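A.B. asks: Residue numbers for the sequence shown follow our numbering, so the first one is 338 and each next one is one higher.
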Amino acid sequence: MSIFSPFRNGKTAAFKIALVYAVIGGLWILFSDRLLIFLFEDPLTLTRMQTLKGWFYVLVTAVILFFLIWRSVVSVRRSEEALHENRRRLATLLSNLPGMAYRFRNDEDWTAEFISDGCCRLLGCRNGHISNRKRDYERFIHAEDREEVWRSIGKALHEGGAFRIDYRIRDCRGELKWVIEQGIGLYDEEGNLEAVEGFIGDITERKKAEEAFKASEFRYRTLVESTSDAIMLVDRERKIQSCNRAFLEMLGYTAEEVMGESVRMLHPSQEKFEAFSARFYPMVRRDRWVRTEWEVARKDGSVVPIEITLSAVDDERGKATGYVAIFRDISERKRIEAELDRYRNHLEDKVRERTHDLEVAQRALVQEEKLKILGSISSQIAHEIRNPLTSIGGFAKRLHRKNPQFKEAEIIVKESERLERILSRIENYLKPVEMRPNECSVNELITDCLVLLDHELKHRSVFIELDLAPDLDKAYVDPDLLCQIFINVLRNAVQVLEAETTLRIRTHKSDQNVHAAFTMEVPRPRMKDLDALLLPFNEEGQSLGMAVSYRILRNMGGTFSLSRKGTEVTLSISLLKALQPHPQGGHRKKNHDFN
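#1: When you measure from the CB of Arg558 to every non-hydrogen atom of the ligand FAD, does any distance come out below 8 angstroms?
#2: What ranges does the beta strand (DSSP E) occupy inside the region 402-451, keeping only unbroken runs of at least 3 residues that lie completely in it?
#3: Pick helix, strand or coil for Ile490, following the three-state DSSP scheme.
#4: For Glu574, does the three-state DSSP call read helix, strand or coil?
#5: Just to confirm, is the Cβ distance from Val826 to Phe800 under 9 angstroms?
#6: Would you call the region 389-401 and the region 350-370 in contact, with 3 or more CB pairs under 8 angstroms?
#7: Are at least three pairs of beta-carbons, each pair with one atom in the region 778-786 and one in the region 728-747, less than 8 angstroms apart?
#8: Report the rounded CA-to-CA distance for Asp637 versus Asp566, giving the unit in angstroms.
#9: Are Phe451 and Arg440 touching if we call contact CB-CB under 9 angstroms?
#10: Please state whether the Cβ-Cβ distance between Ile490 and Gly520 is less than 9 angstroms.
#11: Do you know whose CA, among Met386, Ile577, Glu632, Gly655, lies nearest Lys318's CA?
#12: Taking the DSSP output, what are the residues bridged to Asn850?
#13: I'd like to check one pair, Phe500 with Gly535: are the Cβ atoms closer than 9 angstroms?
#14: Whose C-alpha, out of Glu481, Ala915, Glu757, is nearest the C-alpha of Lys811?
#15: Can you tell which of Leu818, His796, Gln821 has the C-alpha that lies nearest to the C-alpha of Leu834?
#16: Across the region 543-554 and the region 524-534, are there enough close Cβ pairs to call them in contact, namely three or more that are closer than 8 angstroms?
#17: Taking only runs that begin and end inside the region 577-638, name each unbroken beta strand (DSSP E) of 3 or more residues, in chain order.
#18: Are Ala649 and Val600 closer than 9 angstroms when you measure CB to CB?
#19: Give the single residue among Ala612, Trp626, Leu809, Val640 whose Cα lies nearest to the Cα of Val646.
#20: For the region 572-581 against the region 652-661, do three or more pairs of beta-carbon atoms, one drawn from each stretch, fall closer than 8 angstroms, so that the two count as touching?
#21: Counting Cβ pairs closer than 8 angstroms, one from the region 897-904 and one from the region 840-853, do we hit at least three?
#22: Among Arg622, Glu669, Asp651, which has the Cα closest to the Cα of Leu644?
#23: Over what stretch of residues does the alpha helix (DSSP H) that includes Gln821 continue unbroken?
#24: Have a look at Leu805 and Ile783 and give me their C-alpha separation to the nearest angstrom.
#25: Are there 16 or more other CB atoms within 10 angstroms of the CB of Ala351, so buried, or fewer, so exposed?
#26: In terms of alpha-carbon separation, which member of Val788, Phe403, Thr844 lies closest to Pro807?
#27: Would Trp487 be called buried (16 or more neighbouring beta carbons within 10 Å of its own) or exposed?
#28: What separation, rounded to the nearest whole angstrom, lies between the Cα atoms of Ile540 and Arg505?
#29: Could you compute how far the alpha carbon of Asp785 sits from the alpha carbon of Pro642?
#30: Should Leu913 be labelled buried (16 or more other beta-carbon atoms within 10 Å of its own) or exposed?
#31: Counting only the same chain and skipping the five closest in sequence on each side, list residues whose C-beta sits under 7 angstroms from that of Phe475.
#32: Based on Cα-Cα distance, which residue from Asp694, Asp652, Ala634 lies nearest to Asp666?
#33: For Tyr323, count the other beta carbons within 10 Å of its own beta carbon; 16 or more makes it buried, fewer makes it exposed. Which is it?
#34: Out of Thr727, Tyr524, Glu676, state which residue places its alpha-carbon closest to the alpha-carbon of Glu496.
Right, dumping it as structure tokens:
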């Protein structure tokens, strides 16, 4: 209903009152006259009673009319006061609205029947500068919006409906504002437009907020879409509400395939989905966020390891209304970690191998120092003993020739000769051995030595177990001397082994060396025989071959090492490779200096 509706028409009420009065008056005259005729037969008395009856009727009706008129006047007064109060309230309300209310007649100039005080504030003009014609308001509408404003209002009024439109205006101070105009046409009974009522409100701040929100949303969307991390927004029921491009690219879906779907589709299995929900969602509800590593399934079924950050989205009461999940593909990181683990394990193996080589080298250095000391002592002993021994032997021979019956002289001669042989062996041990190094296959040399010792091995019932590396590099050694070293090692190993025992021979390589390992089970009583294995000589003089072999091997750049593990003993021989990498590319020249 219009805020300017006219008063209600009182013709119907007045007609009803007059009708009631006429009916009551007619009934009163009819029945009162009959009653008086029945009661009074005297004409004079009847006339007097009719006169009194008339005055009584007039008096009663006057009282009734008084009360009716009085009530009507009071009702009208109250209606006027209520109307006045309603108009005051309406005027106060309209004056406080952030805009202007209006009513324009449908004439040539759209003359204003009512304009609220908010017009001054909206247009920035004083009352005297405000026109009472709607056409004059056209000058305040932005030039780019005028045509659309009139077209939209005209179309709505033509169709008999309400209109609502946003547009820009420029007030009297030249300030640009956004307004919203909404109104409705008023029509007569024939459907002709009589007037237009409506309201124009200032929505500049709202427009600024909307533009700021759109700019913020654009920046947010740009940020979300430009990041390489996958971002997903889910509701309380864990259905996907929004996601970015990285999410779709990572998992191979389209936006239509994931919107509104449960996050169950991202888990490799139902068990994974239930485990994630049971473990992490309570933590998010308690701590508001959680970060962990998990796995998600692509559309093609492949599984992607991810690092996920799950946060709660709260309403104004702090209650979670949804969740934001940010996750990134850590496949490359996992691959690098696996590579690092393999490299670390390989490095540990290398460190153990190099530590073993250093231990072997250290033992070799210790043994070398011992041999140097032993060589020095041996040279001094041989020099100091040979001269008196020569004299003793010469005098003993003369004494034996003069007195053949002296058995003691013969013994002295034999012992002198034995001492001479020992001194010769000592001198031979100290002399350098001539070498002719060349490239040779260690596997072939071991095979040849086993063929040469086949009879001895079978006689001792020693079984050979070979583990020769097929891709073993060649060594740069004297093949004849190395073959003799292998023979000495095998013969000394056979001496300490029991019958029907296995001797394992294994070859392998490292960065710069070729290795041959001889492993055997040695009875504990014979362990002591190994302690003197590398000494230059013992009382029986049987181990000089191994000592010489050690010295020859050391001069060729190789090393001996002896290790024990329980009753298992391993004798390892390390040799230089034939070719060694040069730091600046190519290969380094062979080392011919074995002195």
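Beta carbons: idealized from backbone N, C-alpha and C, even for Gly.
As the structure is a computational prediction, the values presented were derived from the model and not from experiment.
C.D. replies: Put simply:
#1: As for the ligand FAD, it is missing from this structure, which has no ligand bound.
#2: 436-442
#3: helix
#4: coil
#5: no
#6: yes
#7: no
#8: Whole-angstrom Cα-Cα distance: 20 angstroms.
#9: yes
#10: yes
#11: For residue 318 there is no data in the structure shown, the boundaries of the chain being 338 and 932.
#12: Leu913
#13: yes
#14: Ala915
#15: His796
#16: no
#17: 577-580, 626-634
#18: Not closer than 9 angstroms, so no.
#19: Residue identity check: residue 646 is Thr in the sequence provided, not Val. The shortest Cα separation from Thr646 among Ala612, Trp626, Leu809, Val640 belongs to Trp626.
#20: yes
#21: For the pair of segments examined, the region 897-904 was found not to touch the region 840-853: the number of CB pairs separated by less than 8 angstroms stays below three.
#22: Leu is not the amino acid found at residue 644; the sequence shown has Glu there. Checking every option, the nearest Cα to that of Glu644 belongs to Glu669.
#23: 816-833
#24: 9 angstroms
#25: exposed
#26: Thr844
#27: Around the C-beta of Trp487, fewer than 16 other C-beta atoms lie within 10 Å, and the residue is accordingly described as exposed.
#28: 10 angstroms
#29: 56 angstroms
#30: Buried is the label assigned to Leu913, since at least 16 other Cβ atoms lie within 10 Å of its Cβ.
#31: Looking at the sequence provided, one finds Glu at residue 475 rather than Phe. Cβ within range, chain order: Arg483.
#32: Ala634
#33: Here the chain covers residues 338 to 932 and nothing more, so residue 323 does not appear.
#34: Taking the Cα of Glu496 as reference, the smallest distance to any Cα among Thr727, Tyr524, Glu676 is reached at Tyr524.
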